[in-house]
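For reference, each letter of the sequence shown is one residue, going 1 to 227 in the UniProt record's numbering.
Backbone N, C-alpha and C define an ideal beta-carbon position, used for all residues, glycine too.
Right, one structure below, let's go through it.
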Amino acid sequence: MTKTLPSVGASRVVFHLDPADQTALHDYKIEDLETYIRMTPRRDARIRLGLSIVLNMLNLGKTPLIPSLWRKDDVFIYRHSTDGSISQPYLKSPELPQSASPHLSNNTRISNQTTPPVSDTKQARQRLFTLGVLLLELLFSNTLVDKLSQPDYTNTVLLCTALTWQRRVEEEFGDGIAEAIRKCIVCAFEPAADLGSAAFILAVWSNVVQPLEEFLRAWGGVGTAVG
C-alpha cells in the first residue's frame, strides 16, 4: 500500500502494512493468477483485477519493487478462506529477500536472486506486452499458451498469437478495450517507451486505464481498482 506524502507531492511515497494487524492474514491463503481466473466467473471482477495490476505498474514505474522482466506467474493474491474475498494483487520481486514475505509458501516464495540490467525501452515493452496478454487471459478466462499450436514457440509466435487472439476482443467487446489491449501488446504509444517518463505514463493512462474503466462502467462495475 502506498500513500503520497503531502509535503513533497507525488515525488515520494511511504509504504505501510496493509492490514496493519498482519495476524489477519492467517485467515487468507495465497492464490496464483491462473487459480484466480479459474475461480472467478465474473468477467468484470477479473478485469477489475487487471486494472489494479496496470495501476500498480504505472505507480511503481522503474522501481526495483517490480521484476525487470516480470511474468504473470509473479502475480498473486490473498483469498479469505471463509468468505472468499480477495486482496489487491501483489507482485513477487526478485530484488527483495525471502524474509520480506513470510506468508509465502515454498513454491511461491520471493527469490533473492537479481537479474541482469535491462534497457528502459525493453523493460517497458516487455511489461506492456505481458499486461496485454494478461488482459486477454482475464477477459476470456483462458491462457495464451492454450492458443499455441505447438509446444515449442518463439517470441514472434507469441506476438502473432496474441494479436490474432486480440482481434476477437473488438468483435465481442468493442474497439475501446480491444485497442487498449492492442497498444499494450505492441507497445504502440507515441512517447518513447520508458516507465520513468511522465509522458509515457500519461499515454498508457489515457489509452489503457481509461478504456478499462469505461469497460467496467459499461458492465455495471465501478471503474476503480481492487484494494
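Residue j and residue i - do their beta-carbons sit closer together than 8 Å?
{"i": "F129", "j": "C184", "result": "yes"}
{"i": "L60", "j": "I66", "result": "yes"}
{"i": "L134", "j": "K72", "result": "yes"}
{"i": "E190", "j": "A178", "result": "no"}
{"i": "L144", "j": "R46", "result": "no"}
{"i": "residue 296", "j": "L163", "result": "It is not possible to answer for residue 296, since the shown part of the chain is limited to 1 through 227."}
{"i": "A193", "j": "R125", "result": "yes"}
{"i": "N142", "j": "L91", "result": "no"}
{"i": "residue 242", "j": "D21", "result": "Because the chain is modelled from 1 through 227, residue 242 falls outside the range shown and cannot be assessed."}
Considering residue i, what are the terminal residues of the beta strand (DSSP E) in which it resides?
{"i": "F76", "result": "V75 to H80"}
Starting from residue i and walking both ways along the alpha helix (DSSP H), at which residues does that stretch end?
{"i": "K29", "result": "Taken as a continuous stretch (DSSP letters only), K29 belongs to no alpha helix (DSSP H), being part of the beta strand (DSSP E) at Y28 to D32."}
{"i": "T164", "result": "N155 to F173"}
{"i": "D194", "result": "Unbroken run through D194: none, as it is neither H nor E."}
{"i": "S52", "result": "R43 to L60"}
{"i": "T121", "result": "D120 to F140"}
{"i": "A218", "result": "Q210 to A218"}
{"i": "K147", "result": "L144 to K147"}
Rank the options by C-alpha distance to the C-alpha of residue i and give the top, closest one.
{"i": "W205", "options": "L216, S81, P64 and A180", "result": "A180"}
{"i": "K122", "options": "R42, K62, N56 and L163", "result": "K62"}
{"i": "P211", "options": "S119, W70, R71 and G50", "result": "G50"}
{"i": "V208", "options": "G176, D74 and Q166", "result": "G176"}
{"i": "C160", "options": "E171, E170 and R182", "result": "R182"}
{"i": "A203", "options": "D21, T40 and V54", "result": "V54"}
{"i": "P64", "options": "I201, L195, A199 and F215", "result": "L195"}
{"i": "Y36", "options": "I86, N56 and A20", "result": "I86"}
{"i": "G201", "options": "G174, L158 and R127", "result": "Looking at the sequence itself, residue 201 is Ile, so the reference to Gly does not match. Comparing Cα positions, the closest option is R127."}
Do the region 24-38 and the region 79-86 make contact, defined as three or more Cβ pairs closer than 8 Å? Output reads yes: the region 79-86 touches the region 24-38.
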